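Report on one structure; see the data block that follows.
Numbering (UniProt numbering), first residue to last: 1 to 310.
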């Protein structure tokens, strides 16, 4: 695998840090997987997954979102998207990267892979830019939070008004993640809900770019985005021809132990998207790419890609 990094500048002048992983034989590229990482992590964590994908003949591009990793650039700037329309700007950043991929790999199919927050962003992306995609893969996604989401948004807006959009929101952090570990007692760490692989959990805890408390402005952005992607009229904007693969750990609290994920699957089927597949991994937690059976998960993703990329 060949790896490199680059930055691209957005219309508002933000530099977006990006990783690119290619098969050793660039002429063998069958397609491209564009990765949208989750909240409070960064794209470099997908290198092992990229290794499996490149062996399968896929090139991989993954950017650090605004407020994350090397795009944030400093610990102080972690957890904030933008002063205005942060969620929309992150989606536009993703679309700009798709354009770069199309220029660098002309004619090759692009599949968007989104994990957790990245799955929410990817669902939103597919409502506007499905024509640029040959497939959508969702990892660790979640369902419609409904009234709880609306209450959360109200609290986030109040927190932003009182303390400022860039203030770290301890209350929203607690409301969002406070109960995630409760199913895994006795807890070894605060992040047992991520994976059964304790070495992977420890890596996350030790990573300075992971696990920060995010800002009130960020929570406003994300909760508004989650509200948008769960509206039936917006789900109906997704191309009926876009193949979608959803996978999740059966004990992932983000997916409400399969309930939320099944809700997303059913919502896609309800608007007549033709090819939607869902897979649950018994006892798996939130980060299936970093689970004790991650090799099996990699193989399943690649098998789905092989079936849909011609």
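C-beta atoms are modelled at their ideal positions from N, C-alpha and C, and glycine is treated no differently.
Just so you know, these numbers come straight off a predicted model, no measurement behind them.
If you check the CB distance, residue 23 and residue 59 come in under 8 Å. Rounded to the nearest whole angstrom, the C-alpha separation of residue 289 and residue 276 is 20 Å.
Residue 183 is classed as exposed because its beta carbon has fewer than 16 other beta carbons within 10 Å across all chains shown. For residue 21, there is no enclosing alpha helix (DSSP H); the residue is found in the beta strand (DSSP E) stretching over 15 to 22. Of 19, 89 and 112, the smallest CA-CA separation from residue 98 is found for 112.
At least 8 Å separates the beta-carbon of residue 65 from that of residue 209.
Checking the DSSP bridge columns, you'll see residue 4 partnered with 20.
Inclusion of residue 260 and residue 87 in the CB contact set at 8 Å is not warranted, their separation being larger than that value. Taking the CA atoms as reference points, residue 197 sits about 17 Å from residue 139.
Straight-line measurement puts the Cα of residue 299 at about 17 Å from the Cα of residue 115.
The C-beta distance from residue 117 to residue 38 rounds to 5 Å, short enough to meet the 8 Å contact threshold. Annotation for residue 277: no alpha helix (DSSP H) segment contains it, though the beta strand (DSSP E) segment containing it runs 276 to 281. Classified as buried, residue 120 has 16 or more neighbouring CB atoms from the shown chains inside 10 Å of its CB.
In the same chain as residue 135, and ignoring 5 residues on each side of it, the C-beta atoms closer than 6 Å to its own belong to 111, 243 and 308, in chain order. Look at residue 241 here: in three-state DSSP terms it is coil, with no helix or strand label.
Non-local C-beta neighbours of residue 15 in its own chain, meaning closer than 8 Å and more than five positions away in sequence, comprise 7, 8, 9 and 71, ordered along the chain. Nearest C-alpha to residue 219 among 283, 35, 231 and 78: 78. Annotation: residue 128 to residue 291 spans about 32 Å, alpha carbon to alpha carbon.
Between residue 204 and residue 250, the CB-CB gap reaches or exceeds 8 Å. Each residue's CA atom was taken as its position, placing residue 69 and residue 1 some 22 Å apart.
Straight across, the Cα-Cα distance linking residue 31 with residue 159 is about 44 Å. As a beta-bridge residue in DSSP terms, residue 36 pairs with 63 and 114.
Cβ atoms of residue 286 and residue 194 come within 8 Å of each other, at about 5 Å. With contacts defined by Cβ atoms closer than 8 Å, residue 18 and residue 61 form a contacting pair. For residue 91, same chain residues with a beta-carbon under 7 Å away, outside a window of 5 residues either side, are 121, 124 and 125 in chain order. Relative to residue 294, the option among 53, 264 and 82 whose CA is nearest is 53.
Membership of residue 262 in the alpha helix (DSSP H) is indicated by the continuous run 259 to 270.
With distances taken between CA atoms, residue 238 lies nearest to 132 out of 223, 152, 304 and 132. The closest CA to that of residue 235, considering only 100, 174, 258 and 144, is found on 144. By the neighbour-count definition (other C-beta atoms within 10 Å, threshold 16), residue 247 is a buried residue.
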